[in-house]
Amino acid sequence: MTKRRHQKPLSREDRIWRIALLCCHTVRNAAYFEAHGQRAKQQMPDAEYWQTVDNNFLDMCVLEWSKLFGEWNGRHHWRRVIEDREVFWEGLLKELAVKKPEFERFREQVVDYRDRFVAHLDDENTMHIPLLSIIRKSSCYLYSHLVEHEKAALDAPMLPGSIYGYEKMCRLAAEQIYSARLSDNR
38 MTKRRHQKPL
48 SREDRIWRIA
58 LLCCHTVRNA
68 AYFEAHGQRA
78 KQQMPDAEYW
88 QTVDNNFLDM
98 CVLEWSKLFG
108 EWNGRHHWRR
118 VIEDREVFWE
128 GLLKELAVKK
138 PEFERFREQV
148 VDYRDRFVAH
158 LDDENTMHIP
168 LLSIIRKSSC
178 YLYSHLVEHE
188 KAALDAPMLP
198 GSIYGYEKMC
208 RLAAEQIYSA
218 RLSDNR
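Per the numbering used here, residue 38 is the first one in the sequence shown, and the count goes up by one each step.
Spelled out as structure tokens, the structure:
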């Protein structure tokens, strides 16, 4: 049996910063994945490469989101830093336009995808890719909430002021790369 390494407790500020960083990673990977459609990937001469790249973006997005929302006892779950959990929870559900049981089903779907296809390759033959819109919106909501309520902990040059601006920048950058690659091969 492997001994679990003792983890040093994080300060509240460090935990907030890490959660914000995970939100950025999640949103960036979702934006890169969604930057172009399936048809564009198939038009590339090196389509297999681009399909692999995109699938890696999807998998990383799911892994990072799972840290934030997937496991209630996880080290970087949102509840570890949000002081008024009920207000946050109500705001999140309103932002996503879902009720608590719907979100819980979605959370289970994401964790199931992560466990059965990303972390392991179980016996299922069909993947059910989670809705990235919910992953993206929930991560943006969490980040925005942290910026609004924990500004001092997020005063770091590598974190964007606006997660929505950051998402747009990532999407545009990916679209430019994909468009340039398509243009090179016509």
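Glycine included, every Cβ here is placed at the ideal spot set by N, Cα and C.
Only a predicted model underlies this, so the values are computations on that prediction, with no experimental measurement involved.
- In chain order, 54, 57, 58 and 61 place their CB closer than 8 Å to the CB of residue 196, counting only its own chain and leaving out the 5 sequence neighbours on each side.
- Around residue 97, the same chain offers 66 as residues with beta carbons nearer than 6 Å, after the five sequence neighbours per side are excluded.
- Inside the stretch 128-164, DSSP marks whole alpha helix (DSSP H) runs of 4 or more residues at positions 137-150, from first to last along the chain.
- Taking a C-beta distance under 8 Å as the contact criterion, residue 132 and residue 178 qualify as a contact pair.
- Going by DSSP, residue 44 is part of no alpha helix (DSSP H) at all; its letter is neither H nor E.
- Under a 10 Å Cβ-count criterion, residue 107 is classified as buried, with 16 or more other Cβ atoms of the shown protein chains found around its own Cβ.
- Residues of the same chain with a CB within less than 8 Å of the CB of residue 161, apart from the 5 flanking positions on each side, are 153 and 154 in chain order.
- Residue range 84-102 is occupied by the alpha helix (DSSP H) that includes residue 99.
- Contact between the stretch 109-120 and the stretch 167-187 is established, with three or more Cβ pairs separated by less than 8 Å.
- Assigned with DSSP and collapsed to three states, residue 195 falls in coil, not helix or strand.
- Its Cα nearest to that of residue 92, the residue 70 stands out among 100, 109, 104 and 70.
- Each of 156, 171, 219 and 87 was checked against the Cα of residue 141, and the nearest Cα belongs to 171.
- Under the three-state reduction of DSSP, residue 72 is assigned to coil, being neither helix nor strand.
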